[in-house]
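**Student:** Residue numbers (this note's numbering), protein chains in the order written: chain A, 1 to 144; chain B, 145 to 288. C-beta: ideal position from N, C-alpha, C; glycine also. Predicted model only: the values in this text are computed from it and were never measured.
Protein chains: 2
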Amino acid sequence: MSDLLERLRGRGWRMTSQRRVVAQVLDGDHVHLTADEVHARAALLLPEISRATVYNTLGELVSLGEVIEVATDGRARRYDPNAHHPHHHLVCSTCGTVRDVHPTRDPLTDLPVEERFGFTVAAAEVTYRGLCPSCTRAPAQAPA
Amino acid sequence: MSDLLERLRGRGWRMTSQRRVVAQVLDGDHVHLTADEVHARAALLLPEISRATVYNTLGELVSLGEVIEVATDGRARRYDPNAHHPHHHLVCSTCGTVRDVHPTRDPLTDLPVEERFGFTVAAAEVTYRGLCPSCTRAPAQAPA
DNA sequence: TCTTGACTTGGATTGTGTCCATCGTAGGAT
DNA sequence: ATCCTACGATGGACACAATCCAAGTCAAGA
Ligand SMILES: [Mn+2]
Ligand SMILES: [Mn+2]
Ligand SMILES: [Zn+2]
Ligand SMILES: [Zn+2]
């Protein structure tokens, strides 16, 4: 994923230590961190990085399409660097853990025109809800 | 929907004017109000009702399964009394308008066992995103 | 009518995210 | 190598949704 840094440079990004560190934290797919989690991990590498910069950088990555914002009811938004492989999410109702899943069918094809009400429909996201293995056994546990 | 009041009485609810008014505001399906919108409309009927009571009552209705909470990223949660007819949502990315939609297929059937990772999957919600007719014409408009 | 615990209230508090004035610096120009 | 400057970083104030709490109120059974 270090080609992310290349792509960003190509887009005219000024390469700062803060941005490098945020990109590094998001490295490795299948991660779904909140902004504060990103900030905490980034601060291990660059202690004085500010919350505002993490928010700024995440927002920029989102509008560049490099990161996906995942809204999980009530809780803080999660940021998903796995933006180049379309997928959906399976969320544990108890602890909030998020997993990537790949249904066999695109729900967009199942929304008939007469159910679109004149909207220009751009995308469909599916959120599967349930209990993760450990919360199935022992309800009300700490997040993974 | 006034049988809602019956059902609640049956569940041992103390019937207060505040709860009656909140139920009345949620009457009529196909409504997706925020807690503050519910509060505003309730206050027309019962001027001194407090925000805290609206939140309490909505929360109780949600855990009784009489109302569905719809999370719309960034903005305030919306409360949906159409809880007895399964459906999904079409959200305008610009103004936040929400419409009920009924896809022809349940996405749960399209998540194979090997994509469930040991979760006990209970439900699937689809959020279709796009632009409503008026935002398609004139971007950045006031909510409906 | 009396009693009591469930309910309501407003204000304080928390959690998440945005805004902004100021300072610092990456990277092109020389 | 040094200089310039526009872009980026900073932290503290701010905004907003939602929750918490201690004190007062009242629905409904006895
Ligand atoms: Mn993901
Ligand atoms: Mn609905
Ligand atoms: Zn769990
Ligand atoms: Zn719209």
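Which of the residues in the region 111 to 133 of chain A, read from start to end, lie with their CB under 8 Å from any CB of chain B?
**Tutor:** Those residues of the region 111 to 133 of chain A that come within reach of chain B (Cβ to Cβ, closer than 8 Å) are L111, P112, E115, R116, F117, G118, F119, T120, V121, A122, A123, A124, E125, V126, T127, Y128, R129, G130, L131, C132, P133.
**Student:** Does chain A have any CB closer than 8 Å to the CB of B/D217?
**Tutor:** Yes, because at least one Cβ of chain A sits closer than 8 Å to the Cβ of B/D217.
**Student:** Would you give the residue range spanned by the alpha helix (DSSP H) that B/H233 belongs to?
**Tutor:** Segment 232 to 236 is the beta strand (DSSP E) holding B/H233; no alpha helix (DSSP H) there.
**Student:** By the three-class DSSP mapping on this structure, what secondary structure does A/G130 have?
**Tutor:** Three-state result, A/G130: strand.
**Student:** Nearer than 7 Å: is that true of the beta carbon of A/D27 relative to any heavy atom of ligand 1?
**Tutor:** No - ligand 1 has no heavy atom lying nearer than 7 Å to the Cβ of A/D27.
**Student:** Quick one: residues with CB closer than 6 Å to any heavy atom of ligand 6, in chain order, please.
**Tutor:** Judged by which ligands are present, ligand 6 is missing from the structure shown, whose ligands are ligand 1, ligand 2, ligand 3 and ligand 4.
**Student:** Quick check on B/R281 - is its C-beta less than 8 Å from some C-beta in chain A?
**Tutor:** No, its Cβ sits nowhere closer than 8 Å to a Cβ of chain A.
**Student:** Let me confirm a value: B/R153 is counted as buried when at least 16 other C-beta atoms fall within 10 Å, else exposed. Which label applies?
**Tutor:** Its Cβ having fewer than 16 others within 10 Å, B/R153 is exposed.
**Student:** List, from N- to C-terminal side, the beta strand (DSSP E) runs of 3 residues or more that fit wholly inside the region 10 to 80 of chain A.
**Tutor:** If we require 3 residues or more, the beta strand (DSSP E) runs fully inside the region 10 to 80 of chain A come out as 68 to 70, 78 to 80.
**Student:** Can you confirm whether A/T104, when its beta carbon is compared against all beta carbons of chain B, has any partner nearer than 8 Å?
**Tutor:** Yes, because at least one Cβ of chain B sits closer than 8 Å to the Cβ of A/T104.
**Student:** Please find out if some non-hydrogen atom of ligand 3 comes closer than 7 Å to the beta-carbon of A/T94.
**Tutor:** Yes.
**Student:** Name the residues in the region 55 to 67 of chain A whose C-beta lies less than 7 Å from a C-beta of chain B; which are they?
**Tutor:** Of all residues in the region 55 to 67 of chain A, none has a Cβ within less than 7 Å of some Cβ in chain B.
**Student:** When every heavy atom of ligand 4 is checked, does at least one fall within less than 7 Å of the C-beta of B/T241?
**Tutor:** Yes, ligand 4 has a heavy atom inside 7 Å of this Cβ.
**Student:** Under the three-state reduction of DSSP, which class applies to A/T109: helix, strand or coil?
**Tutor:** Three-state result, A/T109: helix.
**Student:** Can you find the residues in the same chain that come closer than 7 Å, C-beta to C-beta, to A/R51, ignoring five residues on each side of it along the sequence?
**Tutor:** So the qualifying residues of the chain are H39.
**Student:** Please find out if some non-hydrogen atom of ligand 3 comes closer than 7 Å to the beta-carbon of B/L190.
**Tutor:** B/L190: no, Cβ never under 7 Å from ligand 3.
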